[in-house]
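Asks: Next up is a structure, given as structure tokens.
2 protein chains.
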Amino acid sequence: MRIAELSRHSGTSIPSIKFYLRERLLTAGTATGRNQAEYGDGHLYRLRLIRALIDVGGLTVAAARDVLAAVDTPELPPHFLLGAAHGALNRPRRRDADDPSWRSARDEVVALVRARGWHVDDDCPDFDHAADAVAAFRALGQDDLLECMETYADAAELVAAREVDTVIARGEPARMVEGVVTGTILGEAVLNALRRLAQQDASARRLVDTGDLA
Amino acid sequence: MRIAELSRHSGTSIPSIKFYLRERLLTAGTATGRNQAEYGDGHLYRLRLIRALIDVGGLTVAAARDVLAAVDTPELPPHFLLGAAHGALNRPRRRDADDPSWRSARDEVVALVRARGWHVDDDCPDFDHAADAVAAFRALGQDDLLECMETYADAAELVAAREVDTVIARGEPARMVEGVVTGTILGEAVLNALRRLAQQDASARRLVDTGDLA
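Protein chains in written order, with the numbering used here: chain A, 1 to 214; chain B, 1001 to 1214.
Written out as structure tokens, the structure reads:
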């Protein structure tokens, strides 16, 4: 197909496609004339992956290029492929970690994860993100809510097992990366919305006369 | 205590305290002189609640005032008090809902919630947020990941039950509102970070030789 068709089928503008070509996220088409090239389904598929990384995942072009390099390395073990996609989604934290109460919150999260036997690197930024919230709970005097931590971890194990099984079942490396990116980002949005809906239900069940709910 | 002490104990600047006084989020202290007033523990406690609403919850002053009005209405049934706090945290959506594939995604989420017998209003914005993500999964051709929906709902029920029990156990209306705000916002951050950690563990368990993980 021509670039115009590639644009239409992928829902990506021609200037964006040309940008991805220049940045080498997308390989060139087969030249069919001085200013014409022919693109195949592989290009269409790659464009979908690029958009998942950049539009859904919010990745920079440089981060997207790193993930695509992993996709293009067939000898890479799948766990490292998934790890590359997953790691690229992690926003670096702005604050520094000199605050002792923050350090203690982080240690607490690491201890919880270790007690569960989870295999995660000690320097994973997700520990920092969890520590931010745990430290904020304490600073605001909401320590009793930290009793929910084990339940959060139970819920996390439950969804992660299901999600990772679904992504691995895809088999094909590029499709697996696409699944990590969309599943991590969009799955989070679905889970958070359902949690809020479930909170409203839990409140209604406990505080409203059951006759009123029928 | 004087306003300077109130500022120090609450970690809130004097200009901010004066702003909250002018905006009537905080009641005036007892006048002890022409330009002096005395503040009590009630003021300190109220300031902590205001900061939870505005700094943690990201509420506007107007939205915070609505929640505080609910806190100050002792005859309000607790479910409506929690609902007022919870509802104020919901950001309005920007996009409109004319797209048939978005409508169908929303219907799907409503059907899932109804099948579980959750008591939630049909016009709750959380349905819209979930629909955004479900429609995006489909638009990106990631339909298999929607098989995780029931698992997300299981996890949501699990955490919501625990969280709502913890908040209700507080008993006091202002403390319950504080729990809804901090629990909803910070709990989401903890849950999302733990989910990502659990995903890394799930990937390692399935894809890495177990001997390597020991």
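Note that CB positions come from ideal geometry on N, CA and C, so glycine has one too.
1) With a threshold of 16 other CB atoms inside 10 Å of the CB of asparagine 35 of chain A, please say whether the residue is buried or exposed.
2) Taking only beta-carbon positions, decide if alanine 1163 of chain B is within less than 8 Å of chain A.
3) Excluding sequence positions up to five away, which residues of its chain have a Cβ less than 7 Å from the Cβ of valine 10 of chain A?
4) Return the Cβ separation of glycine 1029 of chain B and glutamate 1023 of chain B in integer angstroms, given the expectation that the two are a contact with Cβ distance under 8 Å.
5) Buried or exposed: which applies to arginine 1114 of chain B, given that a residue is buried once 16 or more other Cβ atoms fall within 10 Å of its Cβ?
6) Given a cut-off of 8 Å on the beta-carbon distance, is the pair aspartate 1202 of chain B and leucine 191 of chain A in contact?
7) With a 10 Å radius around its C-beta and 16 neighbouring C-beta atoms as the bar for buried, classify glycine 232 of chain A as buried or exposed.
8) Taking all protein chains shown into account, do 16 or more other C-beta atoms lie within 10 angstroms of the C-beta of serine 1007 of chain B, making it buried, or fewer, making it exposed?
9) What residue does the beta strand (DSSP E) around glutamate 38 of chain A start on, and which one ends it?
10) State the DSSP-derived secondary structure class of alanine 160 of chain A, mapped to helix, strand or coil.
11) Looking at leucine 145 of chain A and glycine 1179 of chain B, is the spacing between their C-beta atoms short of 8 Å?
12) Taking the straight line between their C-alpha atoms, what separation do you get for alanine 193 of chain A and aspartate 1107 of chain B?
13) Tell me, to the nearest whole angstrom, how far the beta carbon of cysteine 148 of chain A is from that of arginine 1162 of chain B; I am working on the premise that it is less than 8 Å.
14) Chain A beta carbons: is any one of them nearer than 8 Å to that of leucine 1118 of chain B?
15) Does DSSP put alanine 1031 of chain B in a helix, a strand or coil?
16) Check the Cβ of tyrosine 1152 of chain B against every Cβ in chain A and list those closer than 8 Å, keeping chain order.
17) Taking the alpha-carbon positions, what's the valine 1067 of chain B to arginine 1205 of chain B distance?
18) How many angstroms separate the CA atom of phenylalanine 1080 of chain B from the CA atom of leucine 1089 of chain B?
19) In or out: serine 51 of chain A buried (at least 16 other Cβ within 10 Å) or exposed?
20) Looking at the secondary structure, which residues open and close the alpha helix (DSSP H) in which aspartate 118 of chain A lies?
21) What are the boundary residues of the alpha helix (DSSP H) that includes proline 1015 of chain B?
22) Since glutamine 199 of chain A and valine 1164 of chain B should fall inside the 8 Å C-beta cutoff, what is the C-beta to C-beta distance between them, to a whole number of angstroms?
23) Starting from glycine 87 of chain A, trace the alpha helix (DSSP H) in both directions and tell me its first and last residue.
24) In the DSSP assignment, the alpha helix (DSSP H) including leucine 191 of chain A goes from what residue to what residue?
25) Taking a cut of 9 Å between CB atoms, which residues from the stretch 1131-1142 of chain B lie near chain A?
26) For proline 1215 of chain B, report the span of its alpha helix (DSSP H) as first-last.
Replies: Let's see:
1) For this step, residue 35 of chain A is matched to residue 35 along the first sequence. With fewer than 16 Cβ atoms within 10 Å of its Cβ, asparagine 35 of chain A is classed as exposed.
2) By one-based count along the second sequence, residue 1163 of chain B stands at place 163. Just to set this straight, residue 1163 of chain B is glutamate in the shown sequence, not alanine. Judged by the 8 Å Cβ criterion, glutamate 1163 of chain B is in contact with chain A.
3) Working through the first sequence from its first residue, we reach residue 10 of chain A at position 10. Inspection of the sequence shows that residue 10 of chain A is occupied by serine rather than by valine. Closer than 7 Å at Cβ, skipping near neighbours: Leu44, Leu47 and Arg48.
4) The sequence position of residue 1029 of chain B within the second sequence is 29, counting from 1. The sequence position of residue 1023 of chain B within the second sequence is 23, counting from 1. About 15 Å; that fails the 8 Å criterion.
5) To locate residue 1114 of chain B, count along the second sequence from 1; it is residue 114. Arginine 1114 of chain B is classed as exposed because its beta carbon has fewer than 16 other beta carbons within 10 Å across all chains shown.
6) As a position in the second sequence, residue 1202 of chain B is number 202, starting the count at 1. As a position in the first sequence, residue 191 of chain A is number 191, starting the count at 1. Here residue 1202 of chain B is alanine; the residue named in the question, aspartate, does not match the sequence. If you check the CB distance, alanine 1202 of chain B and leucine 191 of chain A do not come in under 8 Å.
7) No answer is possible for residue 232 of chain A: the residues shown for chain A start at 1 and end at 214.
8) Taking the second sequence and counting its residues from 1, the one referred to as residue 1007 of chain B is at position 7. The residue in question, serine 1007 of chain B, is buried, as its Cβ has 16 or more Cβ neighbours within 10 Å.
9) Numbered from 1 along the first sequence, position 38 holds the residue referred to as residue 38 of chain A. It spans 36-38 - the beta strand (DSSP E) in which glutamate 38 of chain A sits, taken as one unbroken run.
10) Counted from its first residue, the first sequence places residue 160 of chain A at position 160. The answer is helix: DSSP assigns alanine 160 of chain A an H, G or I state.
11) Position 179 of the second sequence, counted from the start, is the residue given in the question as residue 1179 of chain B. Position 145 of the first sequence, counted from the start, is the residue given in the question as residue 145 of chain A. Yes, they are a contact pair.
12) One-based indexing of the first sequence puts residue 193 of chain A at position 193. One-based indexing of the second sequence puts residue 1107 of chain B at position 107. Using only the alpha carbons, I get a separation of about 15 Å.
13) Within the first sequence, the letter at position 148 stands for residue 148 of chain A. Within the second sequence, the letter at position 162 stands for residue 1162 of chain B. With a Cβ gap of about 5 Å, cysteine 148 of chain A and arginine 1162 of chain B count as contacting.
14) On the second sequence, position 118 is the one that residue 1118 of chain B refers to. According to the sequence provided, residue 1118 of chain B is tryptophan. The question's leucine does not apply to it. At least one chain A Cβ lies under 8 Å of tryptophan 1118 of chain B.
15) In the second sequence, the residue the question calls residue 1031 of chain B occupies position 31. Strand, per DSSP.
16) Numbered from its first residue, the second sequence carries residue 1152 of chain B at position 152. Those within 8 Å of tyrosine 1152 of chain B in chain A are Val159, Gly187, Val190, Leu191 and Leu194.
17) Translated into positions along the second sequence, residue 1067 of chain B becomes position 67. Translated into positions along the second sequence, residue 1205 of chain B becomes position 205. For valine 1067 of chain B and arginine 1205 of chain B, the distance between alpha carbons rounds to 45 Å.
18) For the purposes of this step, residue 1080 of chain B is identified with residue 80 of the second sequence, where counting begins at 1. For the purposes of this step, residue 1089 of chain B is identified with residue 89 of the second sequence, where counting begins at 1. Going from the Cα of phenylalanine 1080 of chain B to the Cα of leucine 1089 of chain B covers about 14 Å.
19) Within the first sequence, residue 51 of chain A is the residue found at index 51, counting from 1. Before going further, note that residue 51 of chain A is arginine rather than serine in the sequence given. By the 10 Å Cβ count, arginine 51 of chain A comes out buried.
20) For this step, residue 118 of chain A is matched to residue 118 along the first sequence. Here residue 118 of chain A turns out to be tryptophan, not aspartate, going by the sequence shown. Tryptophan 118 of chain A -> no alpha helix (DSSP H), and no H or E assigned at all.
21) Sequence index remark: in the second sequence, residue 1015 of chain B carries index 15 (1-based). Here the alpha helix (DSSP H) through proline 1015 of chain B covers 1014-1022.
22) The count along the first sequence starts at 1 and reaches residue 199 of chain A at position 199. The count along the second sequence starts at 1 and reaches residue 1164 of chain B at position 164. Contact flag correct, Cβ pair sits at about 6 Å.
23) For the purposes of this step, residue 87 of chain A is identified with residue 87 of the first sequence, where counting begins at 1. It spans 78-88 - the alpha helix (DSSP H) in which glycine 87 of chain A sits, taken as one unbroken run.
24) Sequence index remark: in the first sequence, residue 191 of chain A carries index 191 (1-based). Run containing leucine 191 of chain A: 173-207, per the alpha helix (DSSP H) assignment.
25) Taken in chain order, the members of the stretch 1131-1142 of chain B whose beta-carbon sits within less than 9 Å of a beta-carbon on chain A are Ala1131, Asp1132, Ala1133, Val1134, Ala1136, Phe1137, Ala1139, Leu1140, Gly1141 and Gln1142.
26) This structure cannot speak to residue 1215 of chain B, because chain B is shown only from 1001 to 1214.
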